[in-house]
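Worksheet for the structure shown next.
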Amino acid sequence: MSETEQQSPGENMRKVFVKTYGCQMNVYDSDRMADALARDGYQTTDKPEDADLLLLNTCHIREKAAEKVYSELGRIRQLKQARAEQGRDMMVGVAGCVAQAEGQEIIRRAPIVDLVIGPQTYHLLPQAVARARGGEKVVETEYAIEDKFDHLPQAEKKVIASRGVTAFLTVQEGCDKFCTFCVVPYTRGSEVSRPVEQIVAEAQGLVEAGVREITLLGQNVNAWHGEGPDNREWGLGELLRRLAEIDGLERLRYTTSHPRDMDDALIGAHRDLGKLMPYLHLPVQAGSDAVLKAMNRRHTADDYLRLVERIRSARPDIALSGDFIVGFPGESDADFEDTLRLIETVRYAQAFSFKYSPRPGTPGAEREDQVAEDVKSQRLERLQALLRKQQTDFAQSCVGTEIDLLLEKPGKLPGQLIGRSPWLQPVIVDANSSQIGEIIRVRITQAGANSLFAEPLRADIGSVTV
Ligand code: 5AD
Ligand code: SF4
54 MSETEQQSPG ENMRKVFVKT YGCQMNVYDS DRMADALARD GYQTTDKPED ADLLLLNTCH
114 IREKAAEKVY SELGRIRQLK QARAEQGRDM MVGVAGCVAQ AEGQEIIRRA PIVDLVIGPQ
174 TYHLLPQAVA RARGGEKVVE TEYAIEDKFD HLPQAEKKVI ASRGVTAFLT VQEGCDKFCT
234 FCVVPYTRGS EVSRPVEQIV AEAQGLVEAG VREITLLGQN VNAWHGEGPD NREWGLGELL
294 RRLAEIDGLE RLRYTTSHPR DMDDALIGAH RDLGKLMPYL HLPVQAGSDA VLKAMNRRHT
354 ADDYLRLVER IRSARPDIAL SGDFIVGFPG ESDADFEDTL RLIETVRYAQ AFSFKYSPRP
414 GTPGAEREDQ VAEDVKSQRL ERLQALLRKQ QTDFAQSCVG TEIDLLLEKP GKLPGQLIGR
474 SPWLQPVIVD ANSSQIGEII RVRITQAGAN SLFAEPLRAD IGSVTV
C-alpha cells in the first residue's frame, strides 16, 4: 500500500487479487466479484503479494483441475507466511467450478483457505468475506434460489472504462444438455436465462462507460430464452436485434453455441444485423455419428453440415470456429477419420481441440473402452495440424482485403495499436493511442502466426463508426 493511498481520507484501502482460470464466463465473474467487493472498500491489485484477499476463480473442465488448484494453494501458503512475518494478514478464497465440485474438501486439504464459494452464490461474496474475516471458515456452494444477477452491482464507469472498449456480458448460465464428457451441468447447474431488461440495462451501462463491443456469454448462449418487456419469451435472435438498437454499441458477438439451438431467428439475425460480427463459435466435438451419439450431442454430422450451409447462405462471410475432442471412449480410427473429413468440409477459421479427459461423475468417465493415451496424442497431433493449416489459409485469404477494425489497446511497439477484425483475429496497425475505441478502415497487408498486420486507409477521416 503506498503512502498516498494510506492518506486518502475515510477510505478503507483493502486490496483484492483475483486469479482467473478457464473460460470467458470466469473472466466476467471475476470482474463482477471485484465489483461486489469494491462496495466494501476493496481495490483490485495485480500483485498477489499486496493482497489482503486473494481469490482463485477456478475451472474444472479438463485434466487435473483440482490438483492444479491445490498446488497453487501450496505456493500461496508461502506468500501468506511471508506477509504474516510482516504482520499483515492475507485471506484466501477459492471460487469457480472447482470450488463448486470440491466444497468443504478444499478447506480440509488446504487449511490456509478461508472461504470457498461456488459460481451461483457470488452475490453472497461480501457477506462471506465478512464472516471469514471474523474467523469463520466459510463454504458457500448451495445453488442459491435467488438470481445472483439481481444482486451483483455494475461497476462504476471509470472502472468499466479501465477494462477496455470490449466487454463480456453473461446472459445465460448453466446447461441442461448433459453431454457425457462434460462437468458443466454439475458445476454450473441447470440453465438460467437473464431477463431482457436486465441485459439491456447492463449493456447500456457498459456503452455509456465507453464500451464499443459486447460479447454475450453463456455455456449454452443460444439456448438463452428470457422474459421480454412484453411478457413474451424472447430468443437470442430477438435479443440481439434489441441490443443492436443501442446507440454507440458498434459490435455484438456471442459464445458458446450448441448446434441444436441455432434457430431461424438467430440465423436471420446474422443475415440482417450489421453489428453482429460474422464469426460463430459452433462446437461439434466429433464428426462420427457413433461418437456424437455416445457423447449425447443429439445431432448427426450431417445435421451439423446442413446447419453450417444454412448459416453460410444467410451470412456468406461468416467465419466458423469449433471445439473438438479426440479419444472419446470407443472412438475408432474410422470415427476419427470422420472428424477429419468433417473439418475438411467445414473449413474452420479457428478451433480449439483437446484430448478426452475423463471427468469424475460424468458418464464418459465410467466407460470401460477408454482410448489409450498415446492414441489420443497421435490423433490430436493430426487434428491440430489440419486445423492450423485451415487457420493459416483463412488468415492468408484476408491479405489484401479492406476491413473495419475496432482499435482496442496499445501494441508491443510505440505507435502501434491492436484491434480485432470482424472475425476476431488480432490485427496490428500504426495508429495513435487516442484512437482506442474507434473503428477504422484498414487494408490487411500481411498474415503472421497469430495476428494480422494492416495499414490504415482514409487516415484523413480518422474514424468510421458505421
Ligand atoms: N475432455 C476434453 N475436452 C473437454 N471439453 C469439455 N469437457 C471435456 C473433457 N472431459 C471441451 C469441449 C468443450 C470445451 C469447452 O472443452 O470441447 O466444448
Ligand atoms: Fe458441456 Fe455439452 Fe453443456 Fe456444452 S452443451 S456445457 S459441452 S454439457
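The opening position of the sequence shown corresponds to residue 54 in our numbering, with each subsequent residue numbered one higher.
We put the CB at the ideal spot given by N, CA and C, even for glycine.
Note that the coordinates shown come from a computational prediction; the quantities given were computed from them, not determined experimentally.
query	result
Please report the straight-line C-alpha distance between Ser310 and Asp142, rounded to a whole angstrom.	43 Å
Just how far apart, CA to CA, sit Asn275 and Asp314?	6 Å
For Asn349, does the three-state DSSP call read helix, strand or coil?	coil
Under 6 Å: does the beta carbon of Lys230 sit that close to some heavy atom of the ligand SF4?	yes
Below 8 Å on the Cβ atoms is my contact criterion, and I expect Cys150 with His176 to pass it. Report the Cβ-Cβ distance as a whole number of Å.	With 8 Å as the limit, Cys150 and His176 do not qualify as a contact, their Cβ atoms being about 17 Å apart.
So the candidates are Tyr196, Leu205, Leu168 and Thr174; which of them puts its Cα closest to the Cα of Gly187?	Leu168
Do Val218 and Val264 have their C-beta atoms within less than 7 Å of each other?	yes
What separation, rounded to the nearest whole angstrom, lies between the Cα atoms of Asp84 and Ala256?	15 Å
Output yes or no for whether 7 Å exceeds the beta carbon distance between Phe407 and Ile364.	no
Return the residue from the list Cys232, Ile267 and Glu226 that minimises the CA-CA distance to Lys346.	Cys232
DSSP three-state label for Leu106, please.	strand
Just checking Phe234 against the ligand GDP - is the residue's beta carbon closer than 6 Å to any of the ligand's heavy atoms?	As far as ligands go, the structure on display features the ligand 5AD and the ligand SF4 and does not contain the ligand GDP.
Quick one: Cα of Cys451 to Cα of Tyr74, how far?	32 Å
Enumerate in chain order the residues of its own chain whose CB-to-CB distance from Lys462 is below 8 Å, with the five nearest sequence positions on each side excluded.	Gly217, Leu470, Ile471 and Ile489
So His176 is in the beta strand (DSSP E); what residue range does that whole segment cover?	Taken as a continuous stretch (DSSP letters only), His176 belongs to no beta strand (DSSP E), as it is neither H nor E.
Rounding to the nearest angstrom, what Cα-Cα distance links Gln59 and Ala137 in this structure?	Its pLDDT being 41, under 50, Gln59 is placed unreliably by the model, and the measurement read from it follows with that caveat. Cα to Cα, Gln59 sits roughly 20 Å from Ala137.
How many angstroms separate the CA atom of Leu106 from the CA atom of Val237?	27 Å
Taking 6 Å as the cut-off, does the CB of Asp376 come closer than this to any heavy atom belonging to the ligand 5AD?	yes
Within 10 angstroms of the Cβ of Gly453, are there 16 or more other Cβ atoms? Answer buried if so, exposed if not.	exposed
Using CA atoms only, rank isn't needed, just tell me which of Ile492, Ala185, Gln251 and Val480 is closest to Thr498.	Val480
Here's the rule I'm using: 16 or more other beta-carbon atoms within 10 Å means buried, otherwise exposed. How should Thr240 be labelled?	buried
Nearest CA to the CA of Glu209: which residue from Glu102, Ala89 and Ala185?	Ala89
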